[in-house]
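Heads up: the protein sequence lines correspond to chains R and F, in order.
Counting along the first sequence from 1, when you hit position 90 you're at 90 in my numbering, and nothing is skipped either side.
Every number in my numbering is 110 more than the matching position in the second sequence, counting from 1.
Here's the structure we're looking at; comments come further down.
Number of protein chains: 2
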Amino acid sequence: MSVSQKNWSKTEEQIAYKALKKAYETEITSLMEYVANQSAKITQVDELWQLHDFLSAKRHQIDGKYDYSDPALIFVLAQLLQEGLLQTDDLEGLERDKLAKISSLAQIGF
Amino acid sequence: MSVSQKNWSKTEEQIAYKALKKAYETEITSLMEYVANQSAKITQVDELWQLHDFLSAKRHQIDGKYDYSDPALIFVLAQLLQEGLLQTDDLEGLERDKLAKISSLAQIGF
Chain R
1 MSVSQKNWSK
11 TEEQIAYKAL
21 KKAYETEITS
31 LMEYVANQSA
41 KITQVDELWQ
51 LHDFLSAKRH
61 QIDGKYDYSD
71 PALIFVLAQL
81 LQEGLLQTDD
91 LEGLERDKLA
101 KISSLAQIGF
Chain F
111 MSVSQKNWSK
121 TEEQIAYKAL
131 KKAYETEITS
141 LMEYVANQSA
151 KITQVDELWQ
161 LHDFLSAKRH
171 QIDGKYDYSD
181 PALIFVLAQL
191 LQEGLLQTDD
201 LEGLERDKLA
211 KISSLAQIGF
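Here's what the structure looks like:
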């Protein structure tokens, strides 16, 4: 993993990487559970295709969301915070101004 | 439903329609069961995306397979017979030469 911004220290890169990894695993686990639950309830073909459409959209979204090379890492982390996939504790160790920006962005629902 | 071939009688159209409907329902039911079973076993994200890929391919295949307006209805019925989604009994009432063609095609695995 390489975070391209020069204003991220090595330690901050590691914190960001760990946070993104945690959020990714949380989201994937939740998605796998959701798919298993929904699949078990399906009785109509339309519901099956709806699940397929949902999975297509989710896959596309997740593929883009966890791009570690994203120069807008602040926004990526803010989005994960906003979605509840990360807590502020997970970002402990980042510079104060970065944390403030991430928290503000997460709160305003950019 | 309209079977465009002029050499299909109204009764034969009805038989073909009923057979295709039965095969479609059998295939969809089996697919729903498969997806529910597979989803319950998934523990890795790669397996989830594999299931998604499988479902994408299957949906595309099914969309094309049950085209009632297909001028090659003989081939459609032969394929369903070959796949075990229809039995020859389901086609009872079709003209003898049509049945012979369908059975032959199904056997040779066109």
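The beta-carbon is built from N, C-alpha and C at its ideal position, and this holds for glycine as well.
Check whether residue i and residue j have beta carbons under 8 Å apart
i, j, result
"Leu-187 (chain F)", "Leu-196 (chain F)", "yes"
"Gly-219 (chain F)", "Gln-192 (chain F)", "yes"
"Glu-25 (chain R)", "Ile-62 (chain R)", "no"
"Ala-16 (chain R)", "Trp-8 (chain R)", "yes"
"Thr-198 (chain F)", "Ser-213 (chain F)", "yes"
"Lys-211 (chain F)", "Ile-184 (chain F)", "yes"
Which residues DSSP lists as bridging residue i, in chain order
i, result
"Glu-202 (chain F)", "F:Leu-204"
Whole-Å CB distance - residue i paired with residue j, under 8 Å assumed
i, j, result
"Leu-190 (chain F)", "Ala-146 (chain F)", "Going by Cβ atoms, the distance from Leu-190 (chain F) to Ala-146 (chain F) rounds to 23 Å, so no, they are not a contact pair."
"Leu-55 (chain R)", "His-162 (chain F)", "5 Å"
Residue i classed as buried or exposed, judged by whether at least 16 other C-beta atoms fall within 10 angstroms
i, result
"Asp-90 (chain R)", "buried"
"Lys-120 (chain F)", "exposed"
"Lys-98 (chain R)", "buried"
"Ala-57 (chain R)", "exposed"
"Ala-216 (chain F)", "buried"
"Ser-4 (chain R)", "For Ser-4 (chain R), the pLDDT reaches just 46, beneath the cut-off of 50, and the residue's location in the model is therefore unreliable, although a value from the coordinates is still provided. That one is exposed."
Q. Does the stretch 132-142 of chain F touch the stretch 34-50 of chain R, meaning 3 or more C-beta pairs lie closer than 8 Å?
A. yes
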